[in-house]
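Participant: Sharing a structure here in structure tokens format.
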Amino acid sequence: MPEEQQVDSRGEARQSFFAKQQLLQSTRAVFQQLAGVLKNSSLYPAAHPFLLSSADKLLRQINELLVMRKDVSFYLAGGELFFETNSVPVDQGLAALMEQFTIRNVGGLIFRPGLTNEEIIRFAHFMNNEAKFFADRAKVEEAMVREGIMHIEIHRVLFVDKKAGASIKEETKKATEVFMSAVDTVKDMVQSVHQDKAINMRQVNTTVQTLVDNILYNRDALMGLTSLKMYDEYTFVHSVNVAILSISLGTYLSFEKTQVAALGVAGMMHDIGKMSVPLEVINKPDKLTNEEWEMVKRHPIEGALMLADVPAMTKLAMVSSFEHHQHGDIRGYPRMDDIVQQHPFSQIVAIADAYDAIVAARVYYKVPTPPEQGISIMLQKRGTVFKAVLVKAFVNMIGIFPIGTVVKLNTGEIGIVMHQTRDLRRPRILILTTFDGSERDDPQAEVSLLETAHGNYTRTIIGTIEPVGARIDIKKYVA
Ligand SMILES: [Fe+2]
Ligand SMILES: [Fe+2]
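Take the sequence shown: its letters are residues 417 to 895, numbered as in the working numbering.
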């Protein structure tokens, strides 16, 4: 690509990044304003000027967003607020509003053109009904029509939906298929290199695109799979895991879809240079000799060289293969004489790579590192090995107790982490056993650790459990 064009496309990417940040700011402002209207509606009658002016402001903000779209839709899922497919950053105030919505069975709101000031006020009063009023979906819909609320629609909360158990199972089944087919792509790719055949870039790109689409649709399902023992050949799975974790972090950081896909390819290719290292060295359980270690340390260089020969391979995949062990402070390998900043893609792939290695050691090689300890290892390396801001984003995304972690609660219950919430210490849990240790027959007993009763949290995590010791087959629940 000519230099000028590169600058142009980088400029465009930056512009679209800022445009997205701005959009997220305005969507957050809508939610903040909505919180204000709801509060005012509980304090003042419908015709009060305070209420009128706050509803007016909200209407203007919604209408601004409606200029470019046919509706303005928000979703609440797993403790997060989404606008379209973007995660909107929430603060304490918004989180309280989200809890209020979740308790009322509201999983999202859609605002449509034609909305009026009066309708917003009617809706605000409507939301002041008690939580139990919202239990019957049909009645709620009828009441909204009766109240003349025609341009606002309420979405049900996915997790309390009676059919949610089935739909979650469907989604994880689909995610497993996507995961397995990605593993097959990596196997094909490795085989091609072994046989001196060209890597099928079309297959690689299609696979990565499918991963991106699935992660945009349901990040948790695919991310949950990265912590399970899915195949015996960890080498193949590792490439898929690093692709999934890199894509997830890219989407979490609101990268453009094309950038996210390029990141996925980079993640999938990062260790391809390991094919030049003898298998007995790769699989050696004992400490490597100096000579062997030198061989391993060449894999980033070999990888970049291999990828340079693949037609249609992105330059960024080469760069991140070369740089993924270089560390933020350039103390890793290959050693460079000049201090060159790692490309952000390499920094992301490096974080995904290191995290997966920690989890794999636990899952595949039975090295007892509890997940939360894995996270703290990552955090210790922030600012040196890893870019601090990226590790922070990664930990926020993964949570302190990643999906699939088996946790012990202060109630004596045992559960599996299913989704993250705004509080990293309080994810959503699928309760597995009751106090006497017998399996629960209700698979929908998913609870949020954010739930409170009389001002105290109902449940709190007091520790994690190794699934093997507890004889729990996590795959049954998250795969
Ligand atoms: Fe590597
Ligand atoms: Fe790796």
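Glycine residues also receive a C-beta, built at the ideal position from the N, C-alpha and C atoms.
Take every Cβ of the region 549–557, pair it with every Cβ of the region 466–480, and state whether three or more of those distances are shorter than 8 Å.
Facilitator: No, they do not touch.
Participant: Should Asp772 be listed as close to ligand 1, given that the test is whether its C-beta is under 7 Å from any heavy atom?
Facilitator: No.
Participant: Taking the C-alpha atoms as reference points, what is the distance between His741 and Asp754?
Facilitator: Roughly 16 Å between the two C-alpha positions.
Participant: Helix, strand or coil: how does DSSP classify Ser643 here?
Facilitator: Here Ser643 sits in coil by DSSP.
Participant: Pull up the CB-CB distance for Ile663 and Val676, whole angstroms please, since I reckon it's below 8 Å.
Facilitator: Their Cβ separation, rounded to whole angstroms, is 6 Å, which keeps Ile663 and Val676 in contact under 8 Å.
Participant: In angstroms with no decimal places, state the Cα-to-Cα distance between Ser503 and Phe517.
Facilitator: Spanning the two alpha carbons is a distance of roughly 17 Å.
Participant: Between Thr370 and Lys589, what straight-line distance do the alpha-carbon atoms span, to the nearest angstrom?
Facilitator: Since the first residue of the chain shown is 417 and the last is 895, residue 370 is not available in this structure.
Participant: Closest to Ala659 by C-alpha separation, out of Val726, Ile631 and Thr880, would be which residue?
Facilitator: Closest option to Ala659, Cα to Cα, is Ile631.
Participant: What does a CB cutoff of less than 6 Å around Gly815 pick up in its chain, not counting 5 residues either side in sequence?
Facilitator: The residues are Gln836, Leu840 and Pro843.
Participant: Apply the 10 Å Cβ neighbour rule to Arg618 and answer buried if 16 or more other Cβ atoms are within range, or exposed otherwise.
Facilitator: Result: exposed.
Participant: What's the gap between the Cα of Gly564 and the Cα of Gly820?
Facilitator: In a straight line, the C-alpha of Gly564 is about 44 Å away from that of Gly820.
Participant: What separation, rounded to the nearest whole angstrom, lies between the Cα atoms of Lys797 and Met685?
Facilitator: If I take the Cα positions, the gap works out to 24 Å.
Participant: Rounded to the nearest angstrom, what separates Leu440 and Ile881 at their Cα positions?
Facilitator: One C-alpha to the other measures close to 38 Å.
Participant: Does the Cβ-Cβ distance between Leu644 and Val779 come in under 8 Å?
Facilitator: Yes, they are a contact pair.
Participant: Taking DSSP as the reference, what is the three-state secondary structure of Lys824?
Facilitator: Strand at Lys824.
Participant: Go ahead and pull the three-state DSSP assignment for Ser664.
Facilitator: It is helical.
Participant: Does the distance between the C-beta of His870 and the nearest non-hydrogen atom of ligand 1 fall short of 7 Å?
Facilitator: No.
Participant: Count the C-beta pairs between the region 794–808 and the region 622–630 that are closer than 8 Å, then say yes if the count reaches three, no if not.
Facilitator: Segments in contact, no.
Participant: Hey, how far is the Cα of Val594 from the Cα of Leu627?
Facilitator: C-alpha separation (whole angstroms): 7 Å.
Participant: CA-CA distance, Thr876 and Lys731?
Facilitator: Cα to Cα, the separation comes out at about 47 Å.
Participant: Could you name the residues that DSSP lists as bridge partners for Val488?
Facilitator: Answer is Phe527.
Participant: So, for Val522: in the same chain, excluding its five sequence neighbours on each side, which residues have a beta-carbon less than 6 Å away from its beta-carbon?
Facilitator: Once the five neighbours on either side are set aside, the close Cβ partners of Val522 are Ile570.
Participant: Is any non-hydrogen atom of ligand 2 found closer than 7 Å to the C-beta of Asp687, if you look at the structure I gave you?
Facilitator: Under cutoff, so the answer is yes.
Participant: Can you give me the start and stop residues for the alpha helix (DSSP H) that Gly790 sits inside?
Facilitator: Looking at the DSSP string, the run of the alpha helix (DSSP H) that includes Gly790 is Pro787 to Gln796.
Participant: Using the Cα positions of Asp487 and Ser762, report the straight-line distance between them to the nearest angstrom.
Facilitator: Rounded to the nearest angstrom, the two C-alpha atoms are 38 Å apart.
Participant: Rounded C-beta distance between Glu829 and Ile847? I'm assuming under 8 Å.
Facilitator: About 5 Å separates the two Cβ atoms, so the contact holds.
Participant: Find the nearest neighbour of Leu665 within the set Glu649, Met639, Asp687 and Thr651, judged by alpha-carbon distance.
Facilitator: Answer by Cα proximity: Met639.
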